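Undergrad:
Numbering (the numbering used here), first residue to last: 8 to 384.
Below you can see the structure in the form of structure tokens.
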């Protein structure tokens with residue numbers, strides 16, 4: 008996948024192709040504060056890729072800086088699996104992973120765009136192997152998205168998973184070797200599914216998809232309360248926005264009314280299932296990898312704001328559960344993005360923010376090194 012380095016406080020245009028449509032967001036860091044340069048949203052229209060004309064029209068109505076963009080592949084079009092591989096050099100590993108992905112996903116090698124992340128060393132008796140996260144996306148569908156953006160005048164410089172962008176927002180301050188001892192788990196709940204990750208500093212030590220997402224919660228509410236699906240989603244979105252504002256203000260919500268209790272009972276079975284999966288993930292991490300266990304679980308994504316989920320998860324795992332990590336800039340970033348009736352909770356824009364900031368840390372490190380050299384001189 009393509010990379011980028013830029014010496015500017017303005018990020019790329021992050022383009023998050025999610026189940027709820029396309030989100031475009033560009034961030035900048037100015038005078039110690041995170042700010043939104045501009046943002047836009049394109050509602051989903053069936054299963055097709057938005058046309059170049061639609062993107063061109065959208066860009067013409069907004070004030071994004073530049074045309075470089077980083078593209079987030081939809082979760083529904085991504086194949087992810089952890090596998091154990093022999094310890095190989097990067098070039099050999101890339102070829103081995105390509106064969107592995109084609110076999111496991113039953114696709115031709117020329118049909119997939121494949122990447123991987125080394126998660127850590129696993130000891131099997133006297134043999135050491137690498138736990139590797141294999142990431143694959145259908146090449147034809149991905150190319151359709153890129154062609155649409157290029158024809159609209161944009162310049163894609165990287166393609167990655169939105170969950171990797173979420174990791175970036177939680178890891179921008181983890182630059183030192185000592186930060187590798189800072190271990191935390193992140194449960195990101197998206198529209199079409201969830202991801203459980205363990206981070207050591209800025210490195211992913213574990214990642215597992217979980218087949219429970221916001222769309223499942225919407226459907227459960229619609230079925231139990233006899234609502235149309237769009238109305239169910241709208242009802243849940245209002246609750247998530249209220250929760251986001253309550254967390255930001257530090258004022259806890261009042262006692263739940265009958266409607267809130269009915270919604271909670273609608274999604275409770277799914278939340279229980281999600282929590283059981285998290286417990287299995289923690290157990291797997293504990294028996295597979297050496298080193299410190301996670302200090303806390305951080306909830307991410309707009310659907311991570313689901314009322315009572317944090318308390319239920321904390322009670323089940325016996326671990327602190329929070330919406331931010333003390334070493335991450337997520338809270339000031341959320342404040343910069345802002346919660347609003349128009350755009351919804353800022354938590355739903357973190358993936359697009361992380362896409363926008365691909366390469367930003369390298370820029371700040373380079374700028375910091377220059378300042379240090381000047382001071383020394």
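The beta-carbon is built from N, C-alpha and C at its ideal position, and this holds for glycine as well. Here the structure is a predicted model, which means the values were calculated and not measured.
Pick out the complete beta strand (DSSP E) segments inside the stretch 177-215, 3 residues or longer, and give them in chain order.
TA: DSSP runs (the beta strand (DSSP E)) wholly in the stretch 177-215: 190-196, 201-207.
Undergrad: Beta-carbon within less than 7 Å of residue 312's beta-carbon, same chain only, minus the 5 sequence neighbours each way: which residues are those?
TA: Closer than 7 Å at the Cβ level, and outside the excluded window around residue 312, lie 247, 250, 251, 352, 354.
Undergrad: Considering only the beta carbon of each residue, do residue 148 and residue 139 sit closer than 9 Å?
TA: No.
Undergrad: Let's see if you can read the secondary structure: which residues bound the beta strand (DSSP E) around residue 23?
TA: Its beta strand (DSSP E) spans residues 17-25.
Undergrad: By the three-class DSSP mapping on this structure, what secondary structure does residue 383 have?
TA: In this prediction, residue 383 scores a pLDDT of 28, lower than 50, which makes its location untrustworthy; no coordinate-derived value is stated.
Undergrad: For residue 118, is the classification buried or exposed, using 16 other Cβ atoms within 10 angstroms of its Cβ as the cut-off for buried?
TA: Classification of residue 118: exposed, given that the 10 Å Cβ count is below 16.
Undergrad: Does DSSP put residue 319 in a helix, a strand or coil?
TA: Three-state result, residue 319: helix.
Undergrad: Pick from 302, 325, 310, 359: whose alpha carbon is nearest that of residue 332?
TA: The residue with the shortest Cα to Cα distance from residue 332 is 302.
Undergrad: Report the option in 16, 41, 32 whose CA atom is closest to the CA atom of residue 342.
TA: Among 16, 41, 32, the Cα nearest to that of residue 342 is on 41.
Undergrad: Using the three-state DSSP reduction, which class does residue 125 fall into: helix, strand or coil?
TA: Residue 125: strand per DSSP, three-state reduction.
Undergrad: In three-state DSSP terms, what is residue 12?
TA: Because the pLDDT of residue 12 is 40, which lies under 50, any placement of that residue in the model is unreliable, and the question is left without a value.
Undergrad: Leaving out five residues before and five after residue 377 in sequence, what residues of the same chain have Cβ atoms less than 8 Å from its Cβ?
TA: Because the pLDDT at residue 377 is just 35, under 50, the model does not fix this residue reliably, and the value given afterwards should be weighed accordingly. Closer than 8 Å at the Cβ level, and outside the excluded window around residue 377, lies no residue.
Undergrad: Under the three-state reduction of DSSP, which class applies to residue 243: helix, strand or coil?
TA: DSSP places residue 243 in helix when its eight states are reduced to three.
Undergrad: Could you tell me the alpha carbon to alpha carbon distance between residue 216 and residue 225, rounded to whole angstroms?
TA: Approximately 19 Å between the Cα atoms of the pair.
Undergrad: With distances taken between CB atoms, is the gap from residue 74 to residue 161 smaller than 9 Å?
TA: Contact: yes.
Undergrad: May I ask which residues mark the beginning and end of the alpha helix (DSSP H) holding residue 154?
TA: Taken as a continuous stretch (DSSP letters only), the alpha helix (DSSP H) holding residue 154 covers 146-158.
Undergrad: Does residue 110 pass the burial test, meaning 16 or more other C-beta atoms within 10 Å, or should it be called exposed?
TA: It is exposed - the Cβ of residue 110 has fewer than 16 other Cβ atoms within 10 Å.
Undergrad: Given 8 Å as the limit, is there contact between the stretch 197-208 and the stretch 168-177, that is, 3 or more CB pairs closer than that?
TA: Flag = yes, the stretch 197-208 and the stretch 168-177 touch.
Undergrad: Between residue 317 and residue 99, what straight-line distance do the alpha-carbon atoms span, to the nearest angstrom?
TA: Cα to Cα, residue 317 sits roughly 42 Å from residue 99.
Undergrad: Tell me the rounded alpha-carbon separation between residue 269 and residue 262.
TA: If you take the alpha carbons of residue 269 and residue 262, they lie about 13 Å apart.
Undergrad: Tell me the residue span of the beta strand (DSSP E) that contains residue 106.
TA: Per DSSP, residue 106 belongs to no beta strand (DSSP E); it is in the alpha helix (DSSP H), 97-111.
Undergrad: Going by the CB atoms, is the gap between residue 94 and residue 60 shorter than 9 Å?
TA: No, they are not a contact pair.
Undergrad: Is it right to say residue 241 is buried, meaning 16 or more other beta carbons lie within 10 angstroms of its own, or is it exposed?
TA: Exposed: under 16 other Cβ atoms inside 10 Å.
Undergrad: Taking 9 Å as the threshold (C-beta atoms), are residue 227 and residue 285 in contact?
TA: Result no, Cβ atoms of residue 285 and residue 227 do not sit closer than 9 Å.
Undergrad: Take the Cβ of residue 27 as the centre, count every other Cβ of all protein chains shown within 10 Å, and call the residue buried at 16 or more, exposed below.
TA: So residue 27 counts as buried.
Undergrad: Classify residue 244 as buried or exposed, calling it buried when 16 or more other Cβ atoms lie within 10 Å of its own Cβ.
TA: Residue 244 comes out buried.
Undergrad: Leaving aside the five residues before and after residue 77 along the sequence, list all residues of the same chain whose C-beta is less than 6 Å from its C-beta, in chain order.
TA: Cβ neighbours of residue 77 beyond the five flanking positions: 19, 21, 165, 362, 365.
Undergrad: Could you spell out the range, first to last residue, of the beta strand (DSSP E) harbouring residue 86?
TA: Run containing residue 86: 86-93, per the beta strand (DSSP E) assignment.
Undergrad: Return the CA-CA distance between residue 223 and residue 277, expressed in angstroms with no decimal places.
TA: Distance between the alpha carbons of residue 223 and residue 277: 8 Å.
Undergrad: On the criterion of 16 or more Cβ atoms from any shown chain inside 10 Å, does residue 258 qualify as buried, or is it exposed?
TA: Per the 10 Å Cβ criterion, exposed.
Undergrad: How long is the line joining the alpha carbons of residue 291 and residue 63, rounded to whole angstroms?
TA: Their Cα atoms are separated by approximately 46 Å.
Undergrad: Less than 9 Å between the C-beta atoms of residue 320 and residue 282, yes or no?
TA: Yes, the pair counts as a contact, with Cβ atoms nearer than the cut-off.
Undergrad: Going by CA-CA distance only, name the one from 327, 70, 33 that's closest to residue 358.
TA: Of the listed residues, the one whose Cα sits closest to residue 358 is 33.
Undergrad: Could you spell out where the alpha helix (DSSP H) holding residue 337 opens and where it closes?
TA: 337-344 is the span of the alpha helix (DSSP H), which, as asked, contains residue 337.
Undergrad: Unbroken beta strand (DSSP E) runs of length 3 or more, entirely within the stretch 248-284: which are they?
TA: Whole beta strand (DSSP E) segments, 3+ residues: zero.
Undergrad: Looking at the strands, I want to know which residues DSSP matches up with residue 69.
TA: Answer by DSSP bridge pairing: none, since residue 69 is not bridged.
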